[in-house]
Amino acid sequence: MSDSLNRVRRCGLLAQAEMEELRVLADACLADGADVRVLVAPEVGLVSTQIREPVAGERFLLGDVLACRAEVELAGHRGWAMRVGDDRVAVLAAAVLDAEVEAGRPHAAEVDRLCCAVVARQAEQQHREWAELAPTVVEFEDLR
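Residue 76 in my numbering sits at position 76 of the sequence shown, with consecutive numbering throughout.
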């Protein structure tokens, strides 16, 4: 998935991954003793969230969302992560995984597989939601 998975997409998918799967994979990435530095320790703050109104297409401020971010350097390459919520462990692990891929290190393919698993979970969740909504769809006759 690396070829089709740019950094922005990867960081977005890592932000959706489960904390435990992030932690386990980050531990594996660090197990070889690679030089790692925390550049920005996990910090919690508020991020303004904008959405686009679908009819007029105008943007407006929805509100503030609690988020946590971190930045690391692993084997000379920077990794960055931001997640909704205040889970400092998960955001630090996600930053390590981003750096693992950026550095082209041994576990980069596993990070890609994790991202693929997140995509599959999201697709399954969306499918379940649509299946739940399908019985409520009203179909109108076309009167010509």
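We put the beta carbon where it would ideally sit given N, CA and C, even for glycine. Only a predicted model underlies this, so the values are computations on that prediction, with no experimental measurement involved.
In this structure, V44 places its C-beta atom within 8 Å of the C-beta atom of C68. The distance from the Cβ of L5 to that of C115 is about 6 Å, consistent with a contact at the 8 Å cut-off. Residue burial annotation: H127 is exposed, with fewer than 16 other C-beta atoms found within 10 angstroms of its C-beta.
By the criterion of at least three beta-carbon pairs nearer than 8 Å, the stretch 107 to 123 is not in contact with the stretch 43 to 57. Per the coordinates, the alpha-carbon of V96 lies some 33 Å from the alpha-carbon of F60. With contacts defined as CB atoms closer than 8 Å, E102 and G85 fail to qualify as a contacting pair. Here DSSP, grouped into helix, strand and coil, assigns L39 to strand. Close CB contacts of H77 within its chain, under the 7 Å cut and outside five residues either way in sequence, are with A99, E102, A103 (chain order). A distance of 8 Å or more separates the beta carbons of V91 and D64.
Contiguous alpha helix (DSSP H) elements confined to the stretch 33 to 105 occur at 88 to 102, taking only those with 4 or more residues.
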